[in-house]
Structures are given as C-alpha cells and as structure tokens.
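Going by the numbering used here, the sequence shown runs without a break in its numbering and finishes at 68.
Don't be surprised by glycine CBs; every beta carbon is placed ideally from N, CA and C.
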Amino acid sequence: MHVAVQQSWFYMAKLINEGVQQPVLGLYIIRGDNISIVGELDEEIDAHLDLSSLRAHPLKPVIH
C-alpha cells in the first residue's frame, strides 16, 4: 500500500520539556512499510490546540 498526501503535516515531540512541533511536509508519499495510521483531522479542534503547551513522554523501545 502506498499513500500520497497533499498539504500534509505531523505532530512531533522531541523531548518532554519541549513543546510539540508541527513541521509542514507539503506533498508526501508514504510507502507501505511506513504506514501506521492515516486519518482525517477535525480542523476546528486542531485550530484550538496550544502546541507549545503539549508535552509527550518518550515511547518505549520496539521489541521484535
């Protein structure tokens, strides 16, 4: 499965003490091996998020 997304962006949290960043990707093509979730965004809810105040804990390592 391959997905092409126009006007795309994603939320990225680097460290727990930094705010969430939202890099703009523009046109983005995702190969099947990299797809974890694709969904529609509620733009009204997203517009009210204060990304600078969001914090995230690191993910646990993947075990194969």
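- Assigned with DSSP and collapsed to three states, Glu-48 falls in helix.
- In the same chain as Pro-62, and ignoring 5 residues on each side of it, no C-beta atom comes closer than 6 Å to its own.
- Leu-53 carries a coil assignment under DSSP once its states are collapsed to helix, strand and coil.
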